[in-house]
Every structure is written in structure tokens, then in C-alpha cells.
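Asker: In the working numbering, the protein residues as written are -2 to 210. Beta carbons are placed, not taken as given, at the ideal position from N, Cα and C, and that holds for glycine. Supplied in C-alpha cells, the structure appears directly below.
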């Protein structure tokens, strides 16, 4: 009888033994888009393959450094700097001087207090940093003494970094997030100069990202 009880107890223990279950992995949330591929960058900017390759890493690094990430911000940034630089061609303001450029000289709001400041601190970089005061702020923000050597802003790396720095410090990410492209243009330009071209570039950038992401 004792043997029978032991057998029955063993069978019951076997039957009711807890089953091992594999842990269910937590769902993986898709990572938000931070940047885009070279091909999408080229399509978004309308650049040739050669120009896209020349600018891609510089613009990518600058945007990641200053929080210009995700399709909304990237599209707005590429559109605005694309217009400001004539399609990533000009990193230095073309100088006449025009009547407006002649008035750079002595402009207190730009910090141009010394003779020759208007020409010396003319627009440079993808977003056209202009004036002694802005160069001084850029030097502090970028950790590079562009005040002593303004031409440094003409190189691709600093042209891109200075534009991204200016964009962040002037709260352009927030304007881009809000979708008010006209207000964003006014923040950059002081008005709506070139708005049609900026918007065309914006539309192209958004379409390229939608197709490629």
C-alpha cells in the first residue's frame, strides 16, 4: 500500500509541476528618425551627387549636434539653408556692395563699431551669420575664434555648424515643430524675402523624406 501511495504521489507531482515559460520580450518601439540617408539628403536638397556627397557628413554632424532631428525639423532646416546659400553653393555673401550692404558699416544693432566691420563681418555660413556681435556669439557657441578669422565660416564644416548653432539658439526648432513656415522665414530673414523658393524647397524636402523613410 505504501508503495502505491508513493507512485500516486509521484504522478500527481509530475502532473501539477509548474510549466516553464519563456519570458515574452517587451515590444521594441521604433526609433524616431534622427537623420536620413545620403540618397534622401540628395533628393531633399536637389543637389547633384557630387555636391550631396561633399555636404552630407558636415550637415549631418551639425544637425545632430544642435538637435535638428526628425523629419519636420530636418525638412525645414534644409529648405531654409538651401535658400540662404543658393543651393549650398555660397557660404559667403556676394558683395557689391549693394545699398543694403553699404549700410552694414556702423550698424550698432550688428555690433559693427569699428571701421571696415561691415565688409569684414559680412554674411557667412549656410545661414549667413552677419555682423561683429553675431560672429562673437558664434565664436563662443562653436568654440572656434571666427571673430579673429571670419573666413573660417566659409568652410563646409563650420558653414554647416554655424547655421545649425544659429538655428538652435534662435528657437527655430520650436517654430519648425509648430509648422509655421512663414514665421520661421521671418525669424531667419527678418521678413519673407524668397518665401516662394523656400516653400518649394520645403515641399521637396518633405516629399523626399516621406518617400525614403
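(1) On the three-pair Cβ rule with 8 Å, is the stretch 41 to 51 touching the stretch 130 to 144?
(2) Within the same chain, show all residues whose beta-carbon is closer than 6 Å to that of residue 160, passing over the 5 residues directly before and after it, in chain order.
(3) Please classify residue 68 as buried or exposed, where buried requires at least 16 neighbouring CB atoms within 10 angstroms.
(4) For the structure I just gave you, are there three or more beta carbon pairs, one from the stretch 162 to 182 and one from the stretch 191 to 201, closer than 8 Å?
(5) May I ask you to report which of helix, strand or coil DSSP gives residue 104?
(6) With which residues is residue 89 paired in a DSSP beta bridge?
(7) With a 10 Å radius around its C-beta and 16 neighbouring C-beta atoms as the bar for buried, classify residue 83 as buried or exposed.
(8) Taking the CB atoms as reference points, tell me whether residue 116 and residue 92 lie closer together than 8 Å.
(9) According to the neighbour-count rule (16 or more other Cβ atoms, all chains shown, within 10 Å of its Cβ), is residue 149 buried or exposed?
(10) How many Å lie between residue 72 and residue 111 at the Cα?
(11) Would you tell me roughly how many angstroms separate the C-alpha atoms of residue 142 and residue 158, rounded to the nearest one?
(12) Using 8 Å for Cβ pairs, my map puts residue 70 next to residue 170. What's the rounded Cβ distance?
Answerer: Quick look at the numbers:
(1) no
(2) Within the chain shown, residue 160 is the residue found at index 163, counting from 1. Around residue 160: 78, 122, 123 and 124.
(3) Counting from one through the chain shown, the residue named residue 68 turns up at place 71. By the neighbour-count criterion, in which a residue is buried when 16 or more other Cβ atoms sit within 10 angstroms of its Cβ, residue 68 is buried.
(4) yes
(5) Translated into the one-based positions of the chain shown, residue 104 becomes position 107. Residue state, collapsed to three classes: coil.
(6) Within the chain shown, numbered from 1, the residue matching residue 89 stands at position 92. Partner residues in the beta bridge of residue 89, as assigned by DSSP, are 121.
(7) Mapped onto the chain shown, residue 83 falls at position 86. Answer is exposed; the Cβ neighbour count stays below 16.
(8) The residue given as residue 116 occupies position 119 in the chain shown. The residue given as residue 92 occupies position 95 in the chain shown. Yes, the pair counts as a contact, with Cβ atoms nearer than the cut-off.
(9) Along the chain shown, read from residue 1 onward, the residue named residue 149 stands at position 152. Buried.
(10) For the purposes of this step, residue 72 is identified with residue 75 of the chain shown, where counting begins at 1. For the purposes of this step, residue 111 is identified with residue 114 of the chain shown, where counting begins at 1. C-alpha separation (whole angstroms): 38 Å.
(11) Here residue 142 corresponds to residue number 145 of the chain shown, with the count starting at 1. Here residue 158 corresponds to residue number 161 of the chain shown, with the count starting at 1. About 13 Å.
(12) Locating residue 70 in the chain shown gives position 73, counting from the first residue. Locating residue 170 in the chain shown gives position 173, counting from the first residue. About 6 Å separates the two Cβ atoms, so the contact holds.
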